[in-house]
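Everything below concerns the one structure shown next.
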Amino acid sequence: MSLRHSPLMYVFYEMRQLDASRLLYESLIGLPVIEIEPHLPHHHHGVIKYDAGDIILSFNLSGPSRFPAASSDGLVTVFNVDPLWPTERLCDANTTLTTQDEELYTDPQGHHYVFRKLAAESAGAATAAARPRRPTVEELRLTVQDLDASIAYYRDILGLDLLSQTEKMARFATGTVKLALEQGELAPDGRVLAYNTYLIVFYCRDIEQMYSIMLKRGLEFKSNRVDYNEVGGTVRFDDPSGHRFCLYVPSEVSLKWESGSKVTEIAAAYALAS
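As structure tokens, then:
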């Protein structure tokens, strides 16, 4: 047993500019809101949650000290978008556009996004007058300093299936979106790498069992037990580059929240695959 079929359920992004972030996610990217924390400010479990297809994207509130100008994320969130989706709208969103092999958008808080337009046949019989299909997350791309060591970690410790590998990149399957590892010493926009502004969350149906098994596989956790609170059970770990991860099982109470139906939908991916 390993994390081979475990879905990636959440990405939590630290945010200091909530209004600007909501504009980006809701009006410009076009993600549906599935939950808003009713008692703001709320720092730990997501103040706003969005349906991004096979994963939930969520905001945590943080102060400005977490976002020095010299650094940005080691994570790129890669979306699939409709061929008709107007990429140019992001140029008006106070984002920084970097031209590489693909167009990378970086928001003012150092979070990176790529928008891949689907081929017309993949998107369906859309016409110029049709409403574009809303964006969904295809993969999470992580910058790693040592690709070979990272591949060994994700394959041999986490137990994920290696889908493809090139000289600079490797892609792994999870129960939902893919994880891609890209060799690099700097963040995608050339700044210093930051790892404390996002958290990637694996769902586990039996978190105590998974915790025990992953310890035996050599995974080093940040604590010596699973922590339980109102949202459920959690335990964190870092990969060799410093990317932050969490194992998670939702509480019965949390499944009654507005995001509960989406959490249940993503958890079902584990039941089908395992």
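The sequence shown begins at 17 in our numbering and counts up by one. Just so you know, even glycine gets a beta-carbon here, dropped at the ideal spot from N, CA and C.
{"Item": "Unbroken stretches of the beta strand (DSSP E), 3 residues or longer, contained in the stretch 217–270", "Value": "243–245, 248–254 and 260–266"}
{"Item": "Element boundaries [beta strand (DSSP E), containing A10]", "Value": "No information on residue 10 is available, as it lies outside the stretch 17 to 290 that the chain covers here."}
{"Item": "Local conformation of R132 per DSSP, three classes", "Value": "strand"}
{"Item": "S81 beta carbon less than 8 Å from that of G62", "Value": "no"}
{"Item": "Residue of R132, V160, S166 and I167 minimising C-alpha distance to V153", "Value": "R132"}
{"Item": "Sequence-distant residues of the same chain with beta carbon closer than 7 Å to E224, five excluded per side", "Value": "V242"}
{"Item": "8 Å Cβ shell around L235 - same chain, five flanking residues per side excluded", "Value": "I173, L174 and F253"}
{"Item": "Buried or exposed by the 16-neighbour rule on C-beta atoms within 10 Å, applied to A135", "Value": "exposed"}
{"Item": "Among P266, K238, R233 and R260, nearest to Y244 - alpha-carbon criterion", "Value": "P266"}
{"Item": "Assigned secondary structure, I71 (DSSP; H/G/I helix, E/B strand, else coil)", "Value": "coil"}
{"Item": "C-beta contact flag for A210 and S88 at 8 Å", "Value": "yes"}
{"Item": "Three-state class that DSSP yields for E104 in the structure shown", "Value": "helix"}
{"Item": "Three-state secondary structure (DSSP) of R157", "Value": "strand"}
{"Item": "Among D177, E198 and P124, nearest to A85 - alpha-carbon criterion", "Value": "P124"}
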